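As structure tokens, the structure follows; a few thoughts come after it.
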Amino acid sequence: MDAPLIELSGILKSFGPVSVLKGVDLKAYPGKVTALVGDNGAGKSTLIKGLAGVQPYDDGVVKFDGKPVALHSPREAARLGIEVVYQDLALCDNLDIVQNMFLGREETEFGTFDEGRMEKDASDTLRSLSVRTVKSVRQKVSSLSGGQRQTVAIARAVLKNARLVILDEPTAALGVAQTEQVLHLVSRLAEQGVAVILISHNLADVFEVADHIDVLYLGQMVAHLDARETTRDDVVGYITGAKVQQEATA
Amino acid sequence: MSTQKTPSTTGPAPDTSVHDVELIGSGQEGTIGDQARAYFQRLQHGDMGALPAVAGLVVLTILFSFLSPFFLTERNFANLLTQAATLVMLGMALVFVLLLGEIDLSAGVTSGMTMALFIVLVNVHAVPWVLALVIAFAAGILTGTFIGFFVARVGIPSFVVTLGLFLGYQGLTLLIIGSGGLYRVQIPEIRDIQNSNMPVWAGWAMLGVILLISAGMSFWDRARRTRAGVPNRTITLVWIKLGVIAVIGGAAVAVLSRNRGQSVGVVEGVPIVVPIVLVILWIGTFVLDRTRFGRYLYAIGGNAEAARRSGVKVMLIRWTAFIVCSTLAVVSGLFSISKVGSVDAAAGREIVLSGVAAAVVGGVSLFGGRGRLLHAAIGALVIAVITNGLGLLNLGAGVNLMVTGGVLILAATVDAVSRVRSGGSLMRT
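As they're listed, the protein sequences go chains Y and V.
Residue numbering for the first sequence follows the UniProt record's numbering, starting at 1 and increasing by one per position.
Residue numbering for the second sequence follows the UniProt record's numbering, starting at 1 and increasing by one per position.
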């Protein structure tokens with residue numbers, strides 16, 4: 001197997017007296033979809049917020065490309081090519097698609113925006129993901145449907161040659177057709193060589209696109225599974241704590 | 001993508017690929033008709049901008065010109081512009097914090113306090129007026145820094161911080177001026193801002209420069225878009241825009257170029273305050289539309305958490321917005337004392353809500369994330385027209401306040417309704 005793009009080990013995070021992450025390990029590989037599953041409160045969101053640099057970990061080692069890195073701000077994460085698509089999408093309703101996709105990393109020329117270039121890159125990215133539901137890249141996000149918003153959020157993540165894309169519940173609010181479209185998008189990301197971490201409650205989605213399944217239970221990683229060699233019942237067992245993997249990992 | 005000719009039955013496949021490319025537009029394509037349709041669609045979605053204010057301005061102008069023979073005179077037009085200048089500046093200052101969904105209730109007293117400081121330094125302590133002006137601006141910047149610290153850093157609602165400052169600065173102004181005190185403004189340069197006019201040729205030159213800059217910016221943008229390989233709007237729109245500026249600006253300059261002196265000699269030309277306002281309006285609009293600082297103001301006003309996750313330094317931008325607001329409030333104070341000719345302890349106490357009203361009437365959203373400097377300027381003109389027109393009809397401050405208050409509530413209602421229409425309230429975090 002290839003070397004992991006990102007490797008977390010012994011990650012700790014607590015809020016006051018509440019310890020949310022108790023020594024978590026996680027690996028994600030380029031070109032593979034790693035699903036991160038776990039019940040509510042297992043620490044999934046906290047884990048990815050640390051990766052995004054939004055909410056730094058208390059302790060633990062983060063290796064990117066085999067080298068230890070510090071993730072203390074969204075900018076540092078972005079510089080490494082780590083992009084997160086949040087559950088609540090984190091888009092600005094009052095801005096248009098291009099402005100949202102480039103928020104925080106606008107193309108400038110003499111300190112002022114190069115709107116033409118941004119518009120071109122945004123359209124190209126949407127096309128590369130075979131997006132066909134967006135009428136105009138200058139539409140305000142407030143006028144988009146849930147699926148379209150998700151599309152914009154994912155397109156935003158891959159705009160700047162992302163190497164690790166983390167998707168937090170990307171299909172939670174979507175209908176059947178739109179879910180299928182987003183899952184297709186996820187596979188397409190992996191085909192492009194991106195390491196994808198997919199967080200989802202929907203095990204059908206997980207089994208459809210994931211290569212690896214990691215299970216988080218009450219702040220601890222209880223299982224690293226190969227999606228082809230496991231079953232839905234096993235995964236549910238780990239998620240609910242009914243089943244515990246024998247720690248014989250190398 | 002090569003369009004290879006396949007004679008067999010694989011008809012639909014290349015068709016869809018072409019279709020894909022066409023489906024993602026940029027909103028820039030199409031004829032004037034298409035653009036106009038897109039504009040009306042945006043209106044229906046509640047994105048009305050300054051349209052209600054412009055309509056109000058037209059209606060009020062027609063109304064008052066019927067009710068008072070003095071309203072549509074050259075003299076009153078010049079008077080209206082100088083009366084409005086203070087409010088236009090204050091409204092534009094407030095836009096920077098309103099875009100964040102914040103408010104600065106102390107903007108008025110900031111202008112008053114800094115002007116009290118200015119005039120006492122000049123009149124009592126014989127400080128050169130330029131130095132005193134620098135000190136006044138420094139006090140304004142310091143005020144914004146103070147507000148920004150408590151709002152952006154400590155996290156106190158701006159309403160509370162600036163309300164506190166609203167009271168505190170009235171006290172400070174009283175201490176600086178002394179109770180019952182009144183200082184005359186005797187600096188000719190300051191008096192000239194609102195009371196002198198440019199030569200007639202300079203007014204026309206100003207219009208020429210505005211047209212040149214507008215055309216230059218439009219064609220620069222088009223060249224950049226062409227270079228990036230994205231479509232431009234039809235060029236007719238540029239000519240329409242320039243035509244509108246030329247007609248409205250030309251009419252205004254023409255009226256102001258006529259002699260409006262009534263047996264007191266020749267009074268003609270564009271008041272000096274006009275180009276000052278226009279320059280600040282242009283710079284501010286440039287910053288809001290084309291720089292990171294401006295874009296992030298809108299982003300934070302739309303969804304602060306999204307901005308933060310995108311790596312925007314939210315605290316710093318918030319803080320800076322308050323500094324910009326307080327600094328521009330000093331300019332507004334300068335216009336005010338130039339017009340009034342004196343400073344007393346009540347300076348700037350009453351104007352702030354009119355400033356907020358001006359911005360909101362013009363289409364700046366109180367909820368943040370929507371509005372432009374021009375909107376605030378147009379809104380301020382609406383309020384100035386109401387004040388001016390009711391004054392000409394000898395209806396006093398009582399009626400004026402009531403009408404202005406009613407207009408503000410009406411404008412805020414339009415704001416709230418258009419927000420719901422555009423689905424904004426559903427996604428607030």
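Glycine included, C-beta positions come from ideal geometry on N, C-alpha and C.
These numbers were taken from a predicted model, which means no experiment stands behind them.
In this structure, the straight-line span from the alpha carbon of residue 350/V to that of residue 105/V is close to 10 Å. Of all C-beta pairs linking the stretch 56-64 of chain V to the stretch 332-342 of chain V, fewer than three are shorter than 8 Å, placing the two stretches out of contact. In the pairwise beta carbon analysis, the stretch 307-318 of chain V is classified as not touching the stretch 79-88 of chain V: fewer than three pairs are separated by under 8 Å.
Residue burial annotation: residue 16/Y is exposed, with fewer than 16 other C-beta atoms found within 10 angstroms of its C-beta. Under the three-state reduction of DSSP, residue 113/V is assigned to helix. The C-beta of residue 149/Y has 16 or more other C-beta atoms within 10 Å across all chains shown, which makes the residue buried.
In this chain, the beta strand (DSSP E) harbouring residue 22/Y covers 18-28. Interface annotation, residue 180/Y: not in contact with chain V, CB-CB separation never under 9 Å. Closest in alpha carbon position to residue 184/Y, among 205/Y, 173/Y and 168/Y, is 205/Y. At a C-beta separation below 7 Å, residue 305/V has these neighbours in chain Y: 90. Chain order gives the chain V residues near residue 54/Y as 308 and 309, where near means a beta carbon separation below 8 Å. Take residue 288/V, set aside five residues on each side of it, and the residues of its chain with a beta-carbon closer than 6 Å to its own are 294, in chain order. Counting along the chain, no alpha helix (DSSP H) covers residue 364/V, and no H or E run does either. Under the three-state reduction of DSSP, residue 35/V is assigned to helix. In summary, residue 158/V is buried, with 16 or more beta-carbon neighbours lying within 10 Å of its beta-carbon over all protein chains present. Sequence-distant partners of residue 194/Y (beyond 5 residues in either direction) whose C-beta falls short of 8 Å from its own C-beta, in its chain, are 30, 31, 158, 162, 163, 164 and 165.
Inter-residue distance for residue 124/V and residue 196/V is about 26 Å (C-alpha atoms, whole angstroms). In terms of Cα proximity to residue 212/Y, the closest of 6/Y, 7/Y and 27/Y is 27/Y. Residue 198/Y is positioned such that its CB atom lies no closer than 9 Å to that of residue 43/Y. Here residue 96/V is not bridged, per DSSP, to any residue. Around residue 226/V, the same chain offers 232 as residues with beta carbons nearer than 8 Å, after the five sequence neighbours per side are excluded. Residues of chain Y whose Cβ lies closer than 9 Å to the Cβ of residue 299/V are, in chain order, 92, 94, 95, 99, 100, 103 and 104. Close CB contacts of residue 199/V within its chain, under the 7 Å cut and outside five residues either way in sequence, are with 269 (chain order). Proximity to residue 132/Y across 178/Y, 90/Y and 214/Y peaks at 178/Y, based on C-alpha coordinates. For the stretch 280-291 of chain V, the set of positions with a beta-carbon nearer than 7 Å to some beta-carbon of chain Y reads 290 and 291 in chain order. In terms of beta-carbon proximity, residue 240/Y stays away from the interface with chain V, with every pair separated by 9 Å or more.
Take the alpha-carbon of residue 259/V and the one of residue 266/V: they are about 6 Å apart. Between residue 37/Y and residue 201/Y, the gap from beta carbon to beta carbon is short of 9 Å. Within the stretch 101-177 of chain Y, the runs of alpha helix (DSSP H) at least 4 residues long that lie entirely inside it are, in chain order, 115-128 and 146-158. Within chain Y, no residue has its CB atom less than 9 Å from the CB of residue 209/V, the nearest being about 20 Å off. Looking at the DSSP output, residue 221/Y sits in a beta bridge with 216/Y.
In the structure shown, residue 273/V falls within a helical segment according to DSSP collapsed to helix, strand and coil. Residue 302/V has a beta carbon lying within less than 9 Å of a beta carbon in chain Y. According to the DSSP secondary-structure assignment, residue 33/Y is paired through a beta bridge with 196/Y. Checking the DSSP bridge columns, you'll see residue 182/V partnered with 344/V.
With respect to chain Y, the C-beta atom of residue 224/V has a partner C-beta closer than 9 Å.
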